[in-house]
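Number of protein chains: 2
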Amino acid sequence: MANIKDIAKLAGVSVTTVSRVINGHPYVSTLKKEAVQRAMEMENYERNINAVHLSKGKTNLIGVVVPSIRRPYFGMVVEGIADEAIKDNYKLVLIQTNYEVEREMDALMMLKLKQIDALIICSKTSGWDVVEEYIQYGPIIILEDARGTKLSSIFIDHYQIFSNALAYLRSKGHHKIGYCLARRSSPNSARREAAYRDFYTNLQEDYDPNYIFYDCVHLEDGEWIMQRIVGMEDPPTALLVTSDQVAAGILTYCQENNIRVPEDLAIVGFDNQPIAKVLHITTFEIPIVEIGRKLFLKAIDGSHSHEEIPIHLIERLTV
Amino acid sequence: MANIKDIAKLAGVSVTTVSRVINGHPYVSTLKKEAVQRAMEMENYERNINAVHLSKGKTNLIGVVVPSIRRPYFGMVVEGIADEAIKDNYKLVLIQTNYEVEREMDALMMLKLKQIDALIICSKTSGWDVVEEYIQYGPIIILEDARGTKLSSIFIDHYQIFSNALAYLRSKGHHKIGYCLARRSSPNSARREAAYRDFYTNLQEDYDPNYIFYDCVHLEDGEWIMQRIVGMEDPPTALLVTSDQVAAGILTYCQENNIRVPEDLAIVGFDNQPIAKVLHITTFEIPIVEIGRKLFLKAIDGSHSHEEIPIHLIERLTV
DNA sequence: AGTTGACATGGAAGGCGTTTCATAATTTAC
DNA sequence: GTAAATTATGAAACGCCTTCCATGTCAACT
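In order, the protein sequence lines correspond to chains A and B. Take the first sequence: its letters are residues 1 to 319, numbered as in this note's numbering. Take the second sequence: its letters are residues 1001 to 1319, numbered as in this note's numbering.
Below, the structure is given as structure tokens:
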């Protein structure tokens, strides 16, 4: 394949001029410009993109860290990122971590080595200090409340929403409220737990720790959750489920086992995924795809900022 | 940041020797090797990965083309690819096409420019001839029957499966069988349509073209499909639905509208996604994640081959 | 007429690691 | 004891594009 030197020779100009034509710089006479274009066409020239990357120190690649791409929530975030990335001619490098710190380090290393121009972390496993170390190498945007750190973030106030949700269920007459979380160790989970504890503390009431379920991630998890609930002497009357997928699983189990929703058990989901709409699950609408778009925009904008995304309750038939 | 030259100077060796140490080549004395390692550690050296790419003409990046990453089917394929890619230290570049030919061309161009080492196409929009043009630049693997082309492929015999499914429904006493496809124009759809036509032709029976539904992709599509069926004078008694998502949407509609499944309407899904298990949908199990793994392996193996994936029916409660 | 500023163009430096080739020093082999 | 093989090492070529800097031309402005 021809390189820029060949083209320059063929067109009878300097390499610089060819580069200028390629990159649309001004100050090239029409005559030479056309000569270059003819030469490029003749030779079917394509620049060596890796040489461009080396020279520019930039790759038009954005890293995206997700724990698992098959989870609809992350699929939707990535879709949003990808939608926006296309417009700016960026491509996405997908890094699936399965919550392994090592994988996350891979991603950070890619930023350090300038293999990617920026990094979007949709779910973080390692500590803030570790991640902040890498901010010097390029923009890092995180889908989590990162106020107080050097990263930029788009986030949801999970404490507030959980509090609101609890108050909402209380107003509907529920006193025994349980909840389902994904990873126990995630910061989002911590905030939600705090909201829950504070809620009951303020009310000067106790809560049953058995009402708390961890590792609720997939549709199928609804089954074991409900089996545990069914086996309880004094089961909760309402459940805050931090994923519509899980909420759908729970609802399905109820329908099959003659547990009336919301009479016997009220369910509040999160995300407002398609399944919540189809199954009429009351849920908090999180504009996931839109959040993905914003994440990307922030990644290439480069300024340091934090943005809270407001979340609204969508009342349907499960409360 | 230090470069290889700095390290060489610091260690008192040549650049070549440093490179050899980095890449684990033999023929470096222990003495110099250690000197180099010390120097690298001292300077906190990291190679400029873009220079490596330029020099090697290889990036350890594999392109993955999907129409939309949020669709569970593609999420699962990509998960499989990513799982396997990690093991070989490859990263994935995600190209979301939305079935736009232009996006697909982007991906092919990346292969041509050696920005990616291989390309996996999970769903193709452009023609075979276009794609085959690019096989000269690197391995292209496609999730579709590509026998007779220069590409490698992992595929499912959709004609056969559709035929089997029709025979199965017939054996259960169904004569009025409809089906739901995604894109009408896709090759998979064409094969399924052929199977359907041949099935009725062999039986010397006619079929009602109204029983055929296109653009059935998402969970929500179940609703309009069922509304059309409900409005029919002579509705089908069984439906072959080429996505569990859509099958789930249809089933949900039936449950809410007192249409008995399978008595009034039998439903056969495809993919055996979690939702099919939870809702007890009879479906064809397609080992999607496993297929993703195989796609990746084939991508880096580089040999030209085709592999058919056998598919099995999982009988549950919707037939 | 002299000074500015806009337009044009090319040389050369800069970004950086890999690999081939030539050479030298040791071993091993017979 | 000598030929052959193995081990070690570095210079230089190679992969290729971008951009800074220097130089030059021509028109416009004072």
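Heads up, the beta-carbon is just placed ideally off N, CA and C, and yes, glycines get one too.
(message) I need the boundaries of the beta strand (DSSP E) containing residue 1178 of chain B, first residue and last residue.
(response) 1177-1180
(message) Which residues in chain B have a C-beta closer than 9 Å to the C-beta of residue 115 of chain A? List them in chain order.
(response) 1049, 1050, 1053, 1059, 1061 and 1091
(message) Quick test of your reading: residue 62 of chain A and residue 299 of chain A, contact by CB under 8 Å. State the CB separation rounded to the nearest angstrom.
(response) 6 Å
(request) Identify which residue in B:1035, B:1039 and B:1047 has its Cα closest to the Cα of residue 1023 of chain B. (result) B:1047
(message) So residue 1096 of chain B contacts chain A; which residues on that side make the cut at Cβ distance below 9 Å?
(response) 78, 79, 82, 83, 85, 86 and 92
(message) Quick check: the Cα distance between residue 1076 of chain B and residue 1008 of chain B, rounded to an integer number of angstroms?
(response) Whole-angstrom Cα-Cα distance: 46 Å.
(request) Taking residue 68 of chain A and residue 98 of chain A to be in contact with their CB atoms under 8 Å, please state how far apart those CB atoms are, rounded to whole angstroms. (result) 6 Å
(request) Note down, one range per segment and in chain order, each beta strand (DSSP E) of at least 3 residues found wholly within the segment 69-150 of chain A. (result) 91-96, 118-121 and 140-143
(message) Just to confirm the assignment: which complete beta strand (DSSP E) runs, minimum length 3, are found wholly within the segment 191-273 of chain A?
(response) 238-241 and 266-271
(message) Less than 6 Å between C-beta atoms, sequence neighbours within five positions excluded: which residues of the same chain meet that for residue 139 of chain A?
(response) For residue 139 of chain A, where only same-chain residues beyond five positions count, the Cβ hits under 6 Å are 118, 299 and 302.
(message) Would the segment 143-151 of chain A count as touching the segment 195-214 of chain A if we require 3 or more Cβ pairs under 8 Å?
(response) no
(request) Compile a chain-ordered list of the residues in the segment 1241-1261 of chain B whose CB is closer than 7 Å to at least one CB of chain A. (result) The residues in question are 1249 and 1252.
(request) Determine, using beta carbons only, whether residue 218 of chain A comes closer than 8 Å to chain B. (result) The beta carbon of residue 218 of chain A falls within 8 Å of a beta carbon belonging to chain B, placing the residue at that interface.
(request) Decide yes or no for the touch test of the segment 1175-1195 of chain B against the segment 1225-1241 of chain B: beta carbon pairs closer than 8 Å, at least 3 of them. (result) Contact check between the segment 1175-1195 of chain B and the segment 1225-1241 of chain B: three or more CB pairs, one atom from each, fall below 8 Å, which counts as touching.
(message) With H, G and I counted as helix, E and B as strand and the rest as coil, what does DSSP make of residue 286 of chain A?
(response) Here residue 286 of chain A sits in coil by DSSP.
(request) Could you work out which residues of chain A lie near residue 1004 of chain B, taking near to mean beta carbons separated by less than 9 Å? (result) Going along chain A, no residue has its Cβ under 9 Å from residue 1004 of chain B, so there is no contact; the nearest lies around 13 Å.
(message) Rounded to the nearest angstrom, what separates residue 245 of chain A and residue 4 of chain A at their Cα positions?
(response) Taking the straight line joining both Cα atoms gives about 53 Å.
(request) Please list, in chain order, all residues of the same chain as residue 66 of chain A whose beta carbon is under 8 Å from its beta carbon, the five residues on each side excluded. (result) Hits under 8 Å: 74, 77, 78, 94, 95, 96, 97, 122 and 123.
(message) Less than 8 Å between the beta carbons of residue 1155 of chain B and residue 1306 of chain B, yes or no?
(response) yes
(message) Using 8 Å as the threshold, is the C-beta distance between residue 268 of chain A and residue 252 of chain A below it?
(response) no
(request) Indicate the three-state DSSP secondary structure (helix, strand or coil) for residue 1292 of chain B in the structure shown. (result) helix
(message) When you compare the CB positions of residue 315 of chain A and residue 1277 of chain B, do they come within less than 8 Å of one another, or not?
(response) no
(request) Give the range of the alpha helix (DSSP H) segment to which residue 312 of chain A is assigned. (result) Segment 312-314 is the beta strand (DSSP E) holding residue 312 of chain A; no alpha helix (DSSP H) there.
(message) Buried or exposed, going by whether 16 or more other CB atoms sit within 10 Å of the CB of residue 1294 of chain B?
(response) The residue is buried, with at least 16 neighbouring Cβ atoms inside 10 Å.
(message) Can you tell me which residues form a DSSP beta bridge with residue 280 of chain A?
(response) DSSP, once it has assigned bridges, lists no residue as partnering residue 280 of chain A.
(message) For a test of the three-state rule: what should DSSP assign to residue 156 of chain A, helix, strand or coil?
(response) Three-state result, residue 156 of chain A: coil.
(message) Residues of chain B with CB closer than 7 Å to the CB of residue 68 of chain A, please, in chain order.
(response) The contacting residues are 1079.
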